[in-house]
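Q:
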Amino acid sequence: MSRFRTLPLRSRLALLVATAVAVAVAAVAVVSWLLTRGQLYDELNTSLRNSRASELLVKQALAGCDPDPAPTTVRSPDFAYAQVVLPDGDRCVAPYSTPVKVHKSDVGVARGLLESTLHNSVTDSGTPVRTHTTRTSLGDGQEVAVSVSRPLDEITTSLNRLALLLTGLAGVGVLGAGAAGLWVARAGLKPVDRLTEAVEHVARTEDLTVRIPVEGEDEIARLSRSFNSMTAALASSRDRQARLIADAGHELRTPLTSLRTNIELLARSERTGRAIPPDDRRDLLASVQAQTTELASLIGDLQELSRPDAAQGGPLTVVPLHETLETALGRARLRGPGLTFATDLSPWYVRAEPAALERALVNVLDNAVKFSPPGGTVHVVLRGGTLTVRDHGPGIPADELPHVFERFWRSPSARALPGSGLGLSIVARTVQQAGGEIRLEPAAGGGTRAVITLPGAAVPPPALL
């Protein structure tokens, strides 16, 4: 079995097909031989039962009663050997008949213990015969046991010829099955060969554009479609990864360049002994601090987006959205001290990851703070699972709305404002994980309105009460 498993799949398939056909052919041959044998024996038994030695032949046998006549090849008129079996076990062989050994069941018929018997026996010369012994009346009230026999070579010769014929046919069938198995294996495994070549090509060249032609609806076609879907997903993932790296590098370059310039100015001042005016030095340090904060925020956003969906923070739990929103509003008020926050919050409980949900709400409120004019008002309304955050800023042009949730995308008018362009991407991801939806739309009278819909309930589950 272990050696069989080491064979190539094509060889194993061909061997299994050949074995299955060989077993089937052998079974058919054996059954055919047995059925033929049974039919021939039935015909021979019927012939013996219908065969009767003539009364004259029986009387001649009784008159001569020669138990051991001279050997002869002449049979009785009905082509059978005939002899009379006596109750003491002796026999009286008919003229021109071959003596057959007496069986004990024949004696039983002669003694009246059995009505008839049918069995195999042999002649004195050892020739196998089939014997039928029955009681026969001589017409004068006397009954004797008469055995009628026929040689079995009438059957065995035909059976041997049939066995040779079936053996030859079985051999041809096995050879044909082997050839058919090889053909089936080659034809059936061609799609697998194409798939193997494609996988080896991808592993060797990392070319994820390879696609396998799909034919039919069988298992191989399903496997080919799955492979094509997998390579397409891998190619898309690699493209997204490449874009993320490129965009991250582009976004990191600006703060790093500014940070490097400021640090070089401070280092040159220390090296040359030329003091920087206090106001300029204070501005430089403030700029360094701001760039460091921006880098830290950008790196945090990148880490958040780099996590797979299944590994975002902890497991989903029931979260009071209105309470989380109050916490996020507290942080937003610190970042926009001159703004007014008009709130209308109704209780709503959702299933989400608490930390990720709070971060998403902070990002939405930060955008409202960032684009609101000094002294403006931010309206925050939570009713029936729908959160609306509306600012009175410049708004977002209609042609830019489809791009607001893309990574690193920033409106041309917001390039000068702080931010990494990842905040809304994180918000959209968190909302989708909680089963909700988010959209940005122009607000009536100017500004932008962010609408977040999250499934939940107005009352907490019984376990939280």
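Quick note on numbering: full-length UniProt numbering labels position 412 of the sequence shown as 412, and the sequence is numbered without any gaps. Each residue gets a CB set at the ideal place from its N, CA and C atoms; glycine is no exception.
1) Taking contact to mean 3 or more Cβ pairs, one atom from each stretch, closer than 8 Å, check whether the stretch 359-379 and the stretch 336-346 are in contact.
2) Any idea if Ile299 is buried or exposed, counting beta-carbon neighbours within 10 angstroms, 16 or more meaning buried?
3) Going by other Cβ atoms of all chains shown within 10 Å of its Cβ, with 16 needed for buried, is Gly384 buried or exposed?
4) Take Ala311 and list the residues in its own chain whose beta-carbon comes closer than 8 Å to its own, dropping the five residues that flank it on each side.
5) At what residues does the beta strand (DSSP E) containing Glu215 begin and finish?
6) Express the C-alpha separation of Val174 and Arg150 in angstroms, rounding to a whole number.
7) Quick check: is any heavy atom of the ligand COA less than 7 Å from the C-beta of Ala24?
8) Is the number of C-beta pairs between the stretch 82-102 and the stretch 111-125 that are closer than 8 Å three or more?
9) Can you tell me whether DSSP reads Ala242 as helix, strand or coil?
10) Once DSSP output is grouped into helix, strand and coil, what is the label at Asp391?
11) Helix, strand or coil for Leu113, going by three-state DSSP, please let me know.
12) Mapping DSSP to helix, strand and coil, what is Ser346?
13) Grouping DSSP H, G and I as helix and E and B as strand, with all else coil, what is Ile452?
14) Count the other C-beta atoms from every protein chain shown that fall within 10 angstroms of the C-beta of Ser76, then say buried if there are 16 or more, exposed otherwise.
15) Which ranges would you report for the beta strand (DSSP E) in the stretch 119-190 if only whole runs of at least 3 residues count?
16) Whole angstroms are fine: how far does the CA of Asn363 sit from the CA of Pro442?
17) State the DSSP-derived secondary structure class of Glu353, mapped to helix, strand or coil.
18) How would you label Thr73, buried or exposed, when you count the other beta carbons within 10 angstroms and need 16 or more for buried?
19) Compute the Euclidean distance between the alpha carbons of Ala26 and Leu195, then round it to the nearest angstrom.
20) Are the beta-carbon atoms belonging to Val148 and Ala110 less than 8 Å from one another?
21) Looking only at DSSP bridge pairs, what is Thr377 linked to?
22) Sort Ser158, Met230, Leu284 by Cα distance to Thr261 and report the nearest one.
23) Give the secondary structure of Tyr81 by DSSP, where H, G and I count as helix, E and B as strand, and everything else as coil.
24) Of the residues Leu159, Ala179, Asp153, Thr127, which one's Cα is nearest the Cα of Val21?
25) Distance check for Leu265 and Thr448, CA to CA, integer angstroms please.
26) Are Leu361 and Leu345 close, meaning C-beta to C-beta below 8 Å?
27) How long is the line joining the alpha carbons of Arg204 and Thr430, rounded to whole angstroms?
28) Which first and last residues belong to the beta strand (DSSP E) in which Thr317 is found?
29) At the level of alpha carbons, what is the spacing between Gly171 and Leu15?
30) Quick check: is the beta carbon of Val102 nearer than 8 Å to any beta carbon in chain C?
31) Consult DSSP for Ala18 and reduce its assignment to one of helix, strand or coil.
32) Am I right that Leu13 and Ala185 are in contact with their C-beta atoms under 8 Å? What's the rounded C-beta distance?
33) Grouping DSSP H, G and I as helix and E and B as strand, with all else coil, what is Val30?
34) Determine, using beta carbons only, whether Val350 and Leu454 come nearer to each other than 8 Å.
35) Note down, in chain order, each residue of its chain lying with its Cβ closer than 8 Å to the Cβ of Ala163, except the 5 sequence neighbours on either side.
36) May I ask you to report which of helix, strand or coil DSSP gives Thr327?
A: In short, the structure shows the following:
1) yes
2) exposed
3) exposed
4) Bear in mind that the predicted position of Ala311 carries a pLDDT of just 42, short of 50, making it too unreliable to give a figure here.
5) Per DSSP, Glu215 belongs to no beta strand (DSSP E) and is neither H nor E.
6) Spanning the two alpha carbons is a distance of roughly 38 Å.
7) As presented, the structure is devoid of all ligands, the ligand COA included, so that no description of it is given.
8) Touching, yes, given that three or more Cβ pairs across the two stretches are closer than 8 Å.
9) helix
10) coil
11) coil
12) coil
13) Strand at Ile452.
14) Here Ser76 scores only 46 on pLDDT, less than 50, and its place in the model is too uncertain to base an answer on.
15) 128-137, 143-151
16) 18 Å
17) In the structure shown, Glu353 sits in coil (DSSP, three-state: anything other than H, G, I, E or B).
18) Residue confidence for Thr73 is low, a pLDDT of 46 falling below 50, so the modelled location carries little weight and cannot support an answer.
19) Between Ala26 and Leu195, the C-alpha separation is close to 37 Å.
20) No, Cβ-Cβ distance for Val148 and Ala110 is not below 8 Å.
21) Bridge partners of Thr377: Thr340.
22) In this structure, Leu284 is the residue among Ser158, Met230, Leu284 with its C-alpha nearest to the C-alpha of Thr261.
23) Correct three-state label for Tyr81: strand.
24) Ala179
25) 41 Å
26) no
27) 38 Å
28) Run containing Thr317: 317-320, per the beta strand (DSSP E) assignment.
29) 15 Å
30) Note that chain C does not occur in the displayed structure, where there is just one protein chain.
31) helix
32) 4 Å
33) helix
34) yes
35) Trp33
36) helix
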